[in-house]
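The next block holds one structure in the form of structure tokens; read it before the comments.
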Amino acid sequence: MTFDSRQVSPFRPSSQKIVSTTNGNTTLVIGEGSLTLTDTLSLDSILVVPFLYYNLLSVSQITAALSCIVIFWPEFCVFKDIQTKQTIGCGIKGGKLYYLDLQSKDSNKLRQTLMTDGSEGEKKKSEIWLWHRRLGHASFGYLKNLFPSLFARSDVSGFCCDICELAKSHHTSFSLILNKSLLPFMVIHSDVWGPSKVPTLSRSCWLVTFIDDCTRMTWLCLMKTKDEVNLLFQKFHKMIGTQYNAKVRVLHSDNGGEY
Ligand SMILES: [Zn+2]
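What the sequence shown shows, in this note's numbering, is residues 55 to 313, in sequence order.
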């Protein structure tokens with residue numbers, strides 16, 4: 055938000071929006087515009103609020119608009135690109151506020167300190183990201199073979215590319231299949247779970263489930279040991295026969311050893 059409409063271009067007048075201030079009052083927004091602060095920091099939808107005494111930068115707005123992260127230190131803060139982790143801007147603390155001070159000596163000093171401590175590694179990391187994109191998202195293991203010197207201080211596992219994960223995955227998620235069985239007890243799903251860290255009052259640590267595919271009716275039996283599955287299934291099978299006059303036709307399991 056800025057108080058000076060001359061700072062933004064192009065200035066688009068509007069009288070639709072209002073801004074709530076901390077004392078509970080509201081004040082009118084007279085228009086919007088864009089503003090280029092540096093080569094890396096350009097902001098759209100800047101509100102022009104003549105009532106303000108200072109220009110204000112919203113962190114939640116800038117992180118979303120520029121896809122960046124903001125890290126606050128006691129004396130300064132930095133803006134970093136999420137993907138490349140490159141520093142795209144910084145602020146200096148003055149009093150209790152952080153000032154986005156783009157051209158002052160302080161800012162240069164800050165940049166220098168960032169350069170010397172740990173920024174050599176950052177520089178190499180951003181170069182690795184650059185090569186990753188240049189070579190059509192080549193794997194980081196492959197890049198390590200190509201540029202061993204770039205990986206001197208960083209491990210391959212430290213890199214994770216969202217685009218690669220989506221583009222290179224071999225499976226799409228399983229589609230939702232609703233009830234397939236027409237009659238109860240055509241298909242029974244069974245699975246064993248355990249051991250639980252906390253036993254029940256009857257000292258059971260395991261459980262086995264029998265789920266009817268048609269009705270989703272679920273039988274859950276507690277077990278002290280895993281090998282009780284065999285006996286419990288026999289009991290379940292008999293119970294279905296006597297109580298429902300039906301036969302289990304298919305038993306689905308995950309092929310675990312207990313079956
Ligand atoms: Zn990638």
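All C-beta atoms, glycine included, are put in the ideal place defined by N, C-alpha and C.
Comparing alpha-carbon positions, the option among E219, M271, D216 and G195 lying closest to S208 turns out to be G195. Using a Cβ distance threshold of 8 Å, Y153 and I146 count as a contacting pair. Just measuring C-alpha positions, the residue of I72, N79, V102 and T81 sitting nearest Q61 is V102. Between F264 and S244, the CB-CB gap stays under 8 Å. In this structure, the straight-line span from the alpha carbon of H186 to that of I136 is close to 15 Å. One thing to note: W260 has its Cβ no nearer than 8 Å to the Cβ of K234. Counting along the chain, no beta strand (DSSP E) covers E129, and no H or E run does either. In this structure G310 touches V246 by the C-beta definition: roughly 6 Å separates them, less than 8 Å. Residue burial annotation: K179 is buried, with at least 16 other C-beta atoms found within 10 angstroms of its C-beta. As the crow flies, the alpha-carbon of L111 is around 12 Å from that of L95.
Distance from the CA atom of D216 to the CA atom of L204, rounded to whole angstroms, is 21 Å. Membership of E219 in the alpha helix (DSSP H) is indicated by the continuous run D216 to A221. Residues with their Cβ less than 6 Å from any non-hydrogen atom of ligand 1, running along the chain, are H186, H191, C215, I217 and C218. Nearest to L120 by C-alpha distance, out of K134, L276, G149 and Y108, is K134. By the criterion of a C-beta distance shorter than 7 Å, D93 is surrounded by no residue of its chain, once the five residues flanking it on both sides are discounted.
The Cβ atoms of K278 and S258 lie closer than 8 Å to each other. The shortest C-alpha to C-alpha distance from C275 to any of C268, F287, D266 and P253 is the one to F287. Going by DSSP, G148 is part of no alpha helix (DSSP H) but of the beta strand (DSSP E) stretching over T141 to G148. Judged by DSSP in its simplified three-state form, E282 adopts helix. Under DSSP, W183 shares a beta bridge with no residue. DSSP places F65 outside both helix and strand once states are collapsed to three, so it counts as coil. Counting along the chain, F264 sits inside the beta strand (DSSP E) bounded by residues W260 to D266.
C-alpha of M271 to C-alpha of K251: approximately 27 Å in a straight line.
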